[in-house]
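Reading through the structure tokens given below for one structure.
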Amino acid sequence: MTHKKLQASIRNSLEHYLNDLQGQPPCNMYDMLLRVIEPPLLDLVMEQTGQNQSKAAQWLGINRNTLRKKLQEHGFLEAPPPAAK
């Protein structure tokens, strides 16, 4: 799939979303879109890389620690236990 096809697919989905609102204005659409797209993106990239976080981080163009944080935020990894004092 080319970038243009992916963009067209996303645009089509967004048009459906806006139509479903039946004229009501969306709220925080940018943040909502990121929250909706990030989990399946992370899931698919982790699947395609055989759960290799370093490779997945390279594919995504982000730091591995950032990837781990995002995986934890979306429930793909358990959060580390709090440090003992």
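For the sequence shown, our numbering begins at 1033 and goes up steadily by one.
The C-beta atom is built at its ideal place from N, Cα and C for all residues, glycine as well.
Source: prediction; values computed, not measured.
Answer with buried or exposed for residue i, where buried requires no fewer than 16 other C-beta atoms within 10 angstroms of its C-beta.
i: Met-1064; result: exposed
i: Leu-1053; result: exposed
i: Leu-1038; result: exposed
i: Leu-1099; result: buried
Do residue i and residue j have their C-beta atoms closer together than 8 Å?
i: Pro-1070; j: Lys-1102; result: Strictly speaking, residue 1070 in this sequence is Glu, with Pro absent from that position. Yes.
i: Leu-1092; j: Val-1077; result: yes
i: Ala-1089; j: Asn-1095; result: yes
i: Leu-1050; j: Pro-1058; result: yes
i: His-1035; j: Leu-1074; result: no
Taking the alpha helix (DSSP H) that residue i falls in, what are its first and last residues?
i: His-1106; result: Note, His-1106: premise wrong, no alpha helix (DSSP H); not H, not E.
i: Pro-1072; result: 1061-1080
Chain D beta carbons: is any one of them nearer than 8 Å to that of residue i?
i: Asn-1097; result: Judged by its chain identifiers, the structure shown contains no chain D, having just a single protein chain.
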